[in-house]
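Notes follow once the structure below has been shown.
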Ligand SMILES: Nc1ncnc2c1ncn2[C@@H]1O[C@H](COP(=O)(O)OP(=O)(O)OP(=O)(O)O)[C@@H](O)[C@H]1O
Ligand SMILES: [Mg+2]
């Protein structure tokens, strides 16, 4: 079973606004609502690929009810912890000539509520995979990923981390099976611009030397590079699609990779790239049909 954790899920409220005038009443042309968060995105794409997955995380209030319902309607199995106070956040995205985003802080997770997550994680078994994706809310201790890594390492659970900066670096000593920085995130931890493929491989090697088993670097429309435990390098070019909305392409790639990993890294990379491209080509997340269509284009 592949478990994902989404500490701070969100409802994205996307408004097409044209010009925005601050300090005035503006009107939108249309609105769309998307439910998610990085862990939920990974579980959603795993589900369309027929993988057994459970989305863990925290929800609150009426927006939490709506999110839970939407996740169930997506066909994703979830086991959310209900926070007593507050509401699951709504992030506002204003799409005009430019794109303006206001991401909300989200509800405060109390200690006893956090402990309930640890109780659930206690039930994970050897052979399970746990995906920690995205940032953590400010209400949580900053070493939460390390705590989780330590707990599950003892159980022989595969850890997958898609995070940035210190959050990523601090978890490396627990030997995550896979990390998936994109180029910008890799540059951030390498503290330098990565101009060539060699630069990227060297920076990925540093993360491997710090403890990561396999390092998957996603490069958007330039594809992806995987450095495996033995230092072997795998390259995957991106599938050609007309990009509509690339948000969540990385989460989808992670899901595709994990869905394919039992069939070897070459296949995993290909399925990951197809899932990433499918999400880039659609306004929402990858569907099974789109992934199959992209794979059949070859
Ligand atoms: N425009 C695109 N065309 C084709 N494939 C794409 C495109 N954008 C992304 N992909 C595929 O998806 C993978 C992941 O994309 P990307 O590197 O943008 O992830 P990311 O920056 O982590 O995204 P996010 O964090 O928003 O989910 C890429 O390696 C590539 O295979
Ligand atoms: Mg990403």
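Numbering (our numbering), first residue to last: 31 to 328.
A virtual CB, placed ideally from N, CA and C, is assigned to each residue, including glycine.
Computed from a predicted structure; not experimentally measured.
Between the CA atoms of residue j and residue i - distance to the nearest angstrom
i, j, result
"residue 225", "residue 130", "29 Å"
"residue 179", "residue 191", "10 Å"
"residue 116", "residue 146", "18 Å"
"residue 261", "residue 48", "49 Å"
"residue 236", "residue 243", "11 Å"
"residue 75", "residue 199", "26 Å"
"residue 134", "residue 167", "10 Å"
"residue 164", "residue 55", "34 Å"
"residue 256", "residue 159", "19 Å"
"residue 327", "residue 320", "11 Å"
"residue 232", "residue 306", "24 Å"
"residue 128", "residue 215", "23 Å"
"residue 95", "residue 254", "37 Å"
"residue 259", "residue 238", "8 Å"
"residue 298", "residue 212", "17 Å"
"residue 296", "residue 51", "50 Å"
"residue 112", "residue 162", "19 Å"
"residue 230", "residue 301", "22 Å"
"residue 109", "residue 103", "14 Å"
"residue 221", "residue 227", "16 Å"
"residue 63", "residue 122", "10 Å"
"residue 53", "residue 172", "36 Å"
"residue 142", "residue 37", "14 Å"
CB contact flag (residue i, residue j, <8 Å)
i, j, result
"residue 268", "residue 252", "yes"
"residue 385", "residue 99", "Outside the shown range of the chain, which is 31 to 328, sits residue 385, and nothing can be said about it."
"residue 218", "residue 194", "yes"
"residue 139", "residue 88", "yes"
"residue 271", "residue 324", "yes"
"residue 182", "residue 154", "yes"
"residue 266", "residue 316", "no"
"residue 43", "residue 120", "yes"
"residue 32", "residue 81", "yes"
"residue 34", "residue 73", "yes"
"residue 170", "residue 144", "yes"
Distance cut-off 7 Å: residue i Cβ against heavy atoms of ligand 4
i, result
"residue 269", "With respect to small molecules bound, the structure shown includes ligand 1 and ligand 2 and not ligand 4."
Beta carbon proximity, residue i to chain C, threshold 8 Å
i, result
"residue 36", "The structure shown contains no chain C; it is built from a single protein chain."
Cβ-Cβ separation, residue j to residue i (assumed contact under 8 Å), whole Å
i, j, result
"residue 97", "residue 39", "6 Å"
"residue 101", "residue 318", "That belief does not hold up - the Cβ atoms of residue 101 and residue 318 are roughly 17 Å apart, past 8 Å."
"residue 118", "residue 90", "5 Å"
Give a yes or no on contact between the segment 180-189 and the segment 201-209, applying the rule of three or more CB pairs nearer than 8 Å.
Judged by Cβ distances under 8 Å, the segment 180-189 makes contact with the segment 201-209, as three or more pairs qualify.
Is it true that the segment 67-75 meets the segment 149-160, where meeting means three or more beta-carbon pairs spaced less than 8 Å apart?
Judged by Cβ distances under 8 Å, the segment 67-75 makes no contact with the segment 149-160, as fewer than three pairs qualify.
Three CB pairs or more closer than 8 Å across the segment 271-288 and the segment 242-251:
In this structure the segment 271-288 touches the segment 242-251; the number of beta carbon pairs closer than 8 Å is three or more.
Can we say the segment 309-324 touches the segment 288-298, given the rule of at least three CB pairs closer than 8 Å?
At 8 Å Cβ cutoff, the stretches do not touch.
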